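**Q** Sending over a structure as structure tokens; questions will come in a sec.
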Amino acid sequence: MEAGGNAETFKYQQRKGMTDDGIPYIVEFAFGLHQLGLTQEAKVARKFITGANWSAGINNPFRAFGSTGEGLENTLAKVRANAGQPVICALHLASAYVQYADRGKSSIILTNDAVQPDDD
Amino acid sequence: MRFNPMTTRPKPPARPRNIANDIVDLVEAATSNWTRQKKSEERHPGMVRYRYSRMTKQPRTTQKDAAWQVMGQAYMAASNNDTLPAMARQIFYQARPKIMQLTDDKELKYGYFISGSASRLHRRTSRELECGL
Numbered sequence: 006m007e008a009g010g011n012a013e014t015f016k017y018q019q020r021k022g023m024t025d026d027g028i029p030y031i032v033e034f035a036f037g038l039h040q041l042g043l044t045q046e047a048k049v050a051r052k053f054i055t056g057a058n059w060s061a062g063i064n065n066p067f068r069a070f071g072s073t074g075e076g077l078e079n080t081l082a083k084v085r086a087n088a089g090q091p092v093i094c095a096l097h098l099a100s101a102y103v104q105y106a107d108r109g110k111s112s113i114i115l116t117n118d119a120v121q122p123d124d125d
Numbered sequence: 025m026r027f028n029p030m031t032t033r034p035k036p037p038a039r040p041r042n043i044a045n046d047i048v049d050l051v052e053a054a055t056s057n058w059t060r061q062k063k064s065e066e067r068h069p070g071m072v073r074y075r076y077s078r079m080t081k082q083p084r085t086t087q088k089d090a091a092w093q094v095m096g097q098a099y100m101a102a103s104n105n106d107t108l109p110a111m112a113r114q115i116f117y118q119a120r121p122k123i124m125q126l127t128d129d130k131e132l133k134y135g136y137f138i139s140g141s142a143s144r145l146h147r148r149t150s151r152e153l154e155c156g157l
């Protein structure tokens, strides 16, 4: 709400699971609209916060899912939440074992492919 | 199987469970209202004026839900604590102000009350009272 979001549009979703190796994980996603995006066609850019294990990432660490190479940006674009939209979203992954692609922990390796949403 | 435009679109099979698919599922679920609204705006730009009302719709108490809450009380009042037979209209007069109060003063018509869910509620309440519940 500090970022200008509208409380009535706020939605939170959470999914718990186990990887193939038996490691538990929780994925959380919060979504809301910016107040200005509700009242007019205002040019408010998207605010997008991602992180893993209670640490916010500098960039989006969910850049690629598996071998398809399509990442979270692609998913958000398909659900009409691309960078130009007045939305605020946050994604958090908590897991006992997170594999990073680099020493700076800027990209998480997700070995599984994701089935992206339909375009229509 | 070929998609027939005259029927509803078949539901796609559920994605297998893994972190990547869970992320996609969550994003889809949380943004569903927004996606629907944006797609309608793409088809008809004038739909932007409904953005506020569609995105901030609050769950309301329906007349049916309200009837569930007050029916037992209304039946008891109409039947003088289950000592006299109660007609549907007598129960209606007892329940109407309470139901309207719970549903933002939305008018409750006798026809709807007697024909729809309310009569089923009345039957159920009577049955429960007969059983001494």
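Residue numbers (our numbering), protein chains in the order written: chain A, 6 to 125; chain B, 25 to 157. Think of the CB as a built atom: it goes at the ideal place given N, C-alpha and C, for glycine as much as any other residue. Here the structure is a predicted model, which means the values were calculated and not measured.
Between the stretch 61–92 of chain A and chain B, which residues of the former have CB atoms less than 8 Å from a CB of the latter, in chain order?
**A** Listed in sequence order: F67, F70, G71, L77, T80, L81, V84, R85, A86, Q90, V92.
**Q** Does the stretch 84–91 of chain B come within contact of the stretch 121–135 of chain B, defined as at least 3 CB pairs closer than 8 Å?
**A** yes
**Q** Measure the C-alpha to C-alpha separation of A/I63 and A/S112 and round it to an integer number of angstroms.
**A** As a first step, residue 63 of chain A must be located in the first sequence, where it is residue number 58. As a first step, residue 112 of chain A must be located in the first sequence, where it is residue number 107. C-alpha separation (whole angstroms): 10 Å.
**Q** DSSP puts A/I31 in a beta bridge; with which residues?
**A** Locating residue 31 of chain A in the first sequence gives position 26, counting from the first residue. Answer by DSSP bridge pairing, in chain order: A/K21, A/A99.
**Q** Is any beta-carbon of chain B found at less than 9 Å from that of A/E33?
**A** Counting from one through the first sequence, the residue named residue 33 of chain A turns up at place 28. Closer than 9 Å to some Cβ of chain B, the Cβ of A/E33 qualifies, so yes.
**Q** With a CB to CB cut of under 7 Å and the five nearest residues on each side skipped, what residues in its chain are close to A/Y4?
**A** Nothing in the structure corresponds to residue 4 of chain A, since chain A is present only between 6 and 125.
**Q** Using alpha carbons as the reference points, say which of A/N58, A/Y17, A/A12, A/F53 lies closest to A/K110.
**A** If you number the first sequence from 1, residue 110 of chain A lands on position 105. Ranking A/N58, A/Y17, A/A12, A/F53 by Cα distance to A/K110 puts A/N58 first.
**Q** State yes or no: is the C-beta of A/E78 within less than 9 Å of the C-beta of A/N87?
**A** What you label residue 78 of chain A is simply residue 73 of the first sequence in a count that begins at 1. What you label residue 87 of chain A is simply residue 82 of the first sequence in a count that begins at 1. A contact, by the Cβ cut-off of 9 Å.
**Q** To the nearest angstrom, how far is it from the Cα of A/F34 to the Cα of B/R39?
**A** Here residue 34 of chain A corresponds to residue number 29 of the first sequence, with the count starting at 1. Here residue 39 of chain B corresponds to residue number 15 of the second sequence, with the count starting at 1. Whole-angstrom Cα-Cα distance: 18 Å.
**Q** Along the alpha helix (DSSP H) that carries A/T80, what are the first and last residues, could you check?
**A** Indexing the first sequence from 1 puts residue 80 of chain A at position 75. Element bounds for A/T80: 77–83.
**Q** Taking the C-alpha atoms as reference points, what is the distance between B/T85 and B/T127?
**A** As a working mapping, residue 85 of chain B is identified with position 61 in the second sequence. As a working mapping, residue 127 of chain B is identified with position 103 in the second sequence. Roughly 6 Å between the two C-alpha positions.
**Q** Is B/R75 closer than 9 Å to B/Q97 when the C-beta atoms are compared?
**A** To locate residue 97 of chain B, count along the second sequence from 1; it is residue 73. To locate residue 75 of chain B, count along the second sequence from 1; it is residue 51. Going by C-beta atoms, B/Q97 is not nearer than 9 Å to B/R75.
**Q** B/D128 CB to nearest chain A CB: under 9 Å?
**A** By 1-based counting over the second sequence, the position of residue 128 of chain B is 104. No - not a single Cβ of chain A is within 9 Å of the one on B/D128.
**Q** Could you have a look at A/G37 and say whether DSSP puts it in helix, strand or coil?
**A** Your numbering for residue 37 of chain A matches position 32 in the first sequence. DSSP places A/G37 in strand when its eight states are reduced to three.
**Q** In the DSSP assignment, find the unbroken beta strand (DSSP E) run with A/I54 in it and report its ends.
**A** The count along the first sequence starts at 1 and reaches residue 54 of chain A at position 49. Per DSSP, A/I54 belongs to the beta strand (DSSP E) from 52–57.
**Q** Does DSSP put B/A101 in a helix, in a strand, or in coil?
**A** Residue 101 of chain B sits at position 77 when you count from the first residue of the second sequence. Looking at B/A101 - three-state DSSP - the assignment turns out to be helix.
**Q** Would you say A/R20 and B/L50 are within 9 Å of each other, going by their C-beta atoms?
**A** For the purposes of this step, residue 20 of chain A is taken as residue 15 along the first sequence, with counting starting at 1. For the purposes of this step, residue 50 of chain B is taken as residue 26 along the second sequence, with counting starting at 1. A contact, by the Cβ cut-off of 9 Å.
**Q** Chain A beta carbons: is any one of them nearer than 9 Å to that of B/L157?
**A** One-based indexing of the second sequence puts residue 157 of chain B at position 133. For B/L157, the predicted model reports a pLDDT of 46, less than 50, meaning its position is unreliable and no value from the coordinates is stated.
**Q** Comparing the C-beta of A/G42 with each C-beta of chain B, is any distance below 9 Å?
**A** For the purposes of this step, residue 42 of chain A is taken as residue 37 along the first sequence, with counting starting at 1. It does: the Cβ of A/G42 has a partner Cβ on chain B nearer than 9 Å.
**Q** Kindly indicate which residue of A/A61, A/I114, A/G10 has the alpha-carbon position closest to the one of A/T73.
**A** Counting from 1 along the first sequence, the entry for residue 73 of chain A is found at position 68. If we check each option's Cα against that of A/T73, A/I114 comes out closest.
**Q** Applying the criterion that 16 or more other CB atoms from any shown protein chain within 10 Å of the CB defines a buried residue, is A/D123 buried or exposed?
**A** Translated into positions along the first sequence, residue 123 of chain A becomes position 118. By the beta-carbon neighbour count (other beta carbons within 10 angstroms, threshold 16), A/D123 is exposed.
**Q** Among B/I43, B/K35, B/S139, B/K133, which residue has its Cα nearest to the Cα of A/G71?
**A** The residue you call residue 71 of chain A lines up with position 66 of the first sequence. Closest by alpha carbon: B/I43.
**Q** Does the CB of A/K127 have a neighbour CB from chain B at under 9 Å?
**A** Residue 127 of chain A is absent from the model: chain A starts at 6 and stops at 125.
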